[in-house]
Every structure is written in structure tokens, then in C-alpha cells.
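Visitor:
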Amino acid sequence: MKIIRLSGVIETTGLARSTIYKLIGEGGFPRPVPLVGRSVGWLESEVQEWIKDRIAQRDLNPHR
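Under the working numbering, the first residue of the sequence shown is numbered 4, with each subsequent residue one higher.
(1) If you drop the 5 nearest sequence neighbours on each side, which residues of the same chain put their C-beta closer than 7 Å to that of Leu9?
(2) Using a Cβ-Cβ cut-off of 7 Å (strictly less than) and excluding sequence neighbours within five positions of Val43, which residues of its own chain qualify?
(3) Gly28 to Glu49, Cα distance in whole Å?
(4) By how many angstroms is the C-alpha of Pro33 removed from the C-alpha of Asp62?
(5) If you draw a straight line from the alpha carbon of Ile54 to that of Ile13, how long is it in whole angstroms?
(6) Taking the alpha-carbon positions, what's the Ile58 to Lys5 distance?
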């Protein structure tokens, strides 16, 4: 199990910080894991699964 910080999430997804937190607020992106103090990270596997789900949605609707 690997935890990645926000910079890794941004690099992996191509999303902006504000978009990531907006999606989290809407329930559309994995929630961060509290680490120490104000530090948070994301499970890399959950971020990868989110990306796979986006690909699956794209493949189900190829005309979008």
C-alpha cells in the first residue's frame, strides 16, 4: 500500500488542486487519509481505481 501526496495526485490525474477538492466535496473522488497534523495523502490504489473507472465510463459511451 502506497500513500501519495497532493502533488502526486495532481501529476497522476492531470487535475488541478481545486478540482480535486471540488470532486471530493461532491463525493466523486477518493477522500484523503489524515497523516500527521494537517498532512494528508491518498491511497495510490484508490486514485488508480478512480482513473480506471473514468476510462470504463468513456468506453461505455464512445460518442462523448
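Think of the CB as a built atom: it goes at the ideal place given N, C-alpha and C, for glycine as much as any other residue.
Guide: In short:
(1) Position 6 of the sequence shown holds residue 9. Within the same chain, Leu9 has close Cβ partners Arg20.
(2) Position 40 of the sequence shown, counted from the start, is the residue given in the question as residue 43. Shown here for Val43: same chain residues with a beta carbon closer than 7 Å to its own, the five before and five after excluded, namely Pro35, Val36 and Pro37 in chain order.
(3) As a working mapping, residue 28 is identified with position 25 in the sequence shown. As a working mapping, residue 49 is identified with position 46 in the sequence shown. Straight through space, the alpha carbons of Glu49 and Gly28 are spaced by roughly 16 Å.
(4) As a working note, residue 62 is residue 59 in the sequence shown. As a working note, residue 33 is residue 30 in the sequence shown. If I take the Cα positions, the gap works out to 21 Å.
(5) Position 51 of the sequence shown, counted from the first residue, corresponds to residue 54. Position 10 of the sequence shown, counted from the first residue, corresponds to residue 13. Put simply, the backbone Cα of Ile54 is about 12 Å away from that of Ile13.
(6) Taking the sequence shown and counting its residues from 1, the one referred to as residue 58 is at position 55. Taking the sequence shown and counting its residues from 1, the one referred to as residue 5 is at position 2. Distance between the alpha carbons of Ile58 and Lys5 is about 22 Å.
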